[in-house]
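One structure is given below, encoded as structure tokens.
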Amino acid sequence: MQEFDYVIVGGGSSGCTLAGRLSEDPAVSVALLEAGAGRGDSWLVNTPAAVVLMVPHSTNNWAFETVPQPGLNGRPGYQPRGKVLGGSSAINAMVYVRGHRSDYDHWAALGNTGWSFADVLPYFKKAECNHEIDNEWHGQNGPLHVSALQTDNPFQQHYLKAAAQAGYPVNTDFNGAEQEGVGLYQVTQLNGERWSAYRAYVQPHLGRRDNLHVETGALTQRILFEGKRAVGVEYRQGRQVKTLRARREVILSAGAFQSPQLLMLSGVGDAAELQQHGIPVLQHLPGVGQNLQDHPDFIFGYKSRDTNLLGFSLKGAVHGIRQMLRYRRERRGLIASNFAEGGGFLKTRPELDAPDIQLHFVIALVDNHARTLHGGHGLSCHVCLLRPKGRGTVTLKDRNPDSAPVIDPKFLEHPDDLATLVAGYKMTERLMKAPALSRFITEDPFTAQVKTDDDIRAVLRARTDTVYHPVGTCKMGTDAMAVVDPELRVHGLENLRVVDASIMPTLIGGNTNAPAIMIAEKAADLIRAARSTATSASRTTGPALQDA
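Last residue of the sequence shown: number 559 in the numbering used here, and the count goes up by one each step with no gaps.
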């Protein structure tokens, strides 16, 4: 048994950020537990193009599946999540997007004091080291490197020209004053290499901070309590079951699927469900595992003969070898690509206050999360619904910590979601049929026969799935279904917080990695403030107790 001030469960984007920030204070000790065995700094992680080897497979990836989705013709969905130090920031497409300012103002309006856009912008800037943009919207001194892509791919300009031809505004900074428009994504990279939360917040301090302890291959089994006070965790490493004690706090940063799972395994959740699995109820919190939100996403895919696009051909293999050699020399070219090089935020109706669909333009033909491969070369464009009205759940399969959680995002079950995605389909199709892009297309294998709105609805139900942004299952708030308060403390319990994307009360309009890091940056200050208050209180009461 070992003892630390803070025990953090989950070495993903939020967990690494929090561990790095809390361990800045040499007076506190921090333990970080990661279930994945990887250190998060292998060539596989650091090389951006290697994302195609991780997302479709179980390499560094939990590779979850959902239950069959009625809204998707009964198909189960696929949910890749990072299983390595750095978490999903080590396997994602590295897109740096914060969301729309109205998302955070809405959180504050729901009663979450301190979470408006004005409140969270300083934490985005604190995390960021932007190599391209220096203005009031960006930070230049943070540990998370953000840069433009170094691929030099001509299809970036073809994409921007197509946007202009389709009548869409071009935006040079989705994280600036205005989100709407089509443009190229900035990415979490440095010198053409992936810059995960692990590389930003933990790796530089290993072996240098005696107060930072990291365990990998450590699957947490349950939270340990004394009464209603969290005092540690039990975890399995190999064949051994071990215990870590927490003097101050246990912090869950296991993500939107596994943070609620771990709460439920520890007796925190809806009492009736826990009793069904024979789990003694410690705290009845019916919101645990509810409120699951994710971006339902459809992908247009086309074949092409252009070898600037990723694919399989003899000519493409020669080009690929040249690109590998170039990457070794310069850290530039195709191997530096995140593949989702372009994007956009558009309104399906002009009267909307914020964009309601997002695009990801990919320099490859993507089918079934890259699990179904096609010969030749191609290009794709995702369109996802930013603020779906559908709400899903995460529940337990059984009381075994090794079992995957039961994930039900309820994609396209709300009729408004399908209607908005139909509009998004039409807007994206117009972009892809613009001359600047259509001249490269030789075949449309998925949507060539789609002509009517009924056809669109049918193909959406046949091919839509996640774009990897699950949130909300331990939502922040003060209502009966809230799991944590605005300081991220679990309602009804002591010394237990949740710090990850699961605390989002509503899904933000964009990619979720940068917000997960922001949440942890803010949480570090909340935890420091709580520690300072507790220390001051003990100093005040100490002499009084002695006098008594």
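For each residue, glycine too, the CB sits at the ideal point set by N, CA and C.
F166 - containing alpha helix (DSSP H), residue span: Locating residue 166 in the sequence shown gives position 155, counting from the first residue. From DSSP, the alpha helix (DSSP H) with F166 extends over 166-177.
Distance between beta carbons of D305 and P420, contact taken as under 8 Å: Position 409 of the sequence shown, counted from the start, is the residue given in the question as residue 420. Position 294 of the sequence shown, counted from the start, is the residue given in the question as residue 305. About 5 Å; that satisfies the 8 Å criterion.
Minimum C-alpha distance to E237 - residue among A257, M438, G435: Along the sequence shown, one-based indexing puts residue 237 at 226. Of the candidates A257, M438, G435, the one whose C-alpha sits nearest the C-alpha of E237 is A257.
Collapsed DSSP secondary structure at W126 in the structure displayed: Your numbering for residue 126 matches position 115 in the sequence shown. Of the three classes helix, strand and coil, the one that applies to W126 here is coil, per DSSP.
Every unbroken alpha helix (DSSP H) within the stretch 183-247, with a cutoff of 4 residues, ordered by chain: Fully enclosed alpha helix (DSSP H) runs of 4 or longer: 208-212.
Chain-order list of residues whose beta-carbon lies under 6 Å from that of G354 (same chain, five-residue window excluded): Residue numbering aside, residue 354 sits at position 343 when the sequence shown is read from its first letter. Excluding residues within five positions, the ones whose Cβ falls inside 6 Å are Y196, L370, H371.
Test item: CB-CB of V66 and A101 under 9 Å: Counted from its first residue, the sequence shown places residue 66 at position 55. Counted from its first residue, the sequence shown places residue 101 at position 90. Their beta carbons are not under 9 Å apart, which means V66 does not touch A101 by this criterion.
Proximity below 9 Å, CB of L448 to CB of A104: One-based indexing of the sequence shown puts residue 448 at position 437. One-based indexing of the sequence shown puts residue 104 at position 93. Taking a C-beta distance under 9 Å as the contact criterion, L448 and A104 do not qualify as a contact pair.
Reduced DSSP secondary structure (H/G/I, E/B, other) of G51: Here residue 51 corresponds to residue number 40 of the sequence shown, with the count starting at 1. Of the three classes helix, strand and coil, the one that applies to G51 here is coil, per DSSP.
Whether L223 touches A30 by CB criterion (9 Å): To locate residue 223, count along the sequence shown from 1; it is residue 212. To locate residue 30, count along the sequence shown from 1; it is residue 19. Yes, Cβ-Cβ distance for L223 and A30 is below 9 Å.
Of the residues A375, R342, P81, F356, the one placed nearest F323, counting alpha carbons only: Along the sequence shown, one-based indexing puts residue 323 at 312. The candidate whose alpha carbon is nearest that of F323 is A375.
Cβ pair L321, G386 closer than 9 Å: In the sequence shown, counting from the first residue as 1, residue 321 sits at position 310. In the sequence shown, counting from the first residue as 1, residue 386 sits at position 375. No, the Cβ-Cβ distance between L321 and G386 is not below 9 Å.
Cβ shell of H142 (< 6 Å), same chain only, five flanking positions each side left out: Here residue 142 refers to the residue found at position 131 of the sequence shown. Within the same chain, S158 come within 6 Å of H142 by CB-CB distance, once the 5 residues on both sides are set aside.
N186 versus T523: straight-line alpha-carbon distance, rounded: Along the sequence shown, read from residue 1 onward, the residue named residue 186 stands at position 175. Along the sequence shown, read from residue 1 onward, the residue named residue 523 stands at position 512. Cα to Cα, the separation comes out at about 13 Å.
Bounding residues of the beta strand (DSSP E) (the contiguous stretch that carries L44): Looking up residue 44 in the sequence shown gives position 33. Start and end: 41-44.
Close Cβ partners of R343 (< 8 Å) along its chain, the five nearest in sequence each way excluded: Here the question's residue 343 lines up with position 332 in the sequence shown. Cβ neighbours of R343 within its own chain (closer than 8 Å, five residues either side excluded): Q161, T162, D163, G203, R337.
Neighbour-count burial assignment, E76, 16 or more Cβ in a 10 Å radius: Indexing the sequence shown from 1 puts residue 76 at position 65. So E76 ends up on the exposed side.
Cβ neighbours of R402 in the same chain (closer than 7 Å, five flanking residues each side left out): Translated into the one-based positions of the sequence shown, residue 402 becomes position 391. N302, L303, Q304, K421, listed in sequence order.
Rounded separation between Q248 and G435 - CA only: Start at 1 with the first residue of the sequence shown, and residue 248 comes out as number 237. Start at 1 with the first residue of the sequence shown, and residue 435 comes out as number 424. When rounded, the distance between both Cα atoms is 46 Å.
DSSP three-state assignment for K307, whether helix, strand or coil: Looking up residue 307 in the sequence shown gives position 296. Note on identity: in this sequence residue 307 is Pro, with Lys being the wrong assignment. Three-state result, P307: strand.
Touch test, the stretch 515-522 against the stretch 115-127, Cβ-Cβ under 8 Å, three pairs minimum: In the pairwise beta carbon analysis, the stretch 515-522 is classified as touching the stretch 115-127: at least three pairs are separated by under 8 Å.
Whole-angstrom distance between H288 and R219, CA atom to CA atom: The residue given as residue 219 occupies position 208 in the sequence shown. The residue given as residue 288 occupies position 277 in the sequence shown. Take the alpha-carbon of R219 and the one of H288: they are about 44 Å apart.
Identity of the residue in L276, P297, V299 nearest I290 by Cα: One-based indexing of the sequence shown puts residue 290 at position 279. The option with the nearest alpha carbon to I290 is L276.
Same chain, Cβ closer than 7 Å to G110, neighbours up to 5 away in sequence not counted: By 1-based counting over the sequence shown, the position of residue 110 is 99. Once the five neighbours on either side are set aside, the close Cβ partners of G110 are I519, G520, G521, P526.
Stretch-stretch touch, CB-based, cutoff 8 Å, three pairs: the stretch 495-510 with the stretch 74-93: Touching, no, given that fewer than three Cβ pairs across the two stretches are closer than 8 Å.
For R50 and T199, believed in contact at Cβ under 8 Å, the rounded distance: As a working note, residue 199 is residue 188 in the sequence shown. As a working note, residue 50 is residue 39 in the sequence shown. Actually they are not in contact, since the Cβ atoms of T199 and R50 sit about 18 Å apart, beyond 8 Å.
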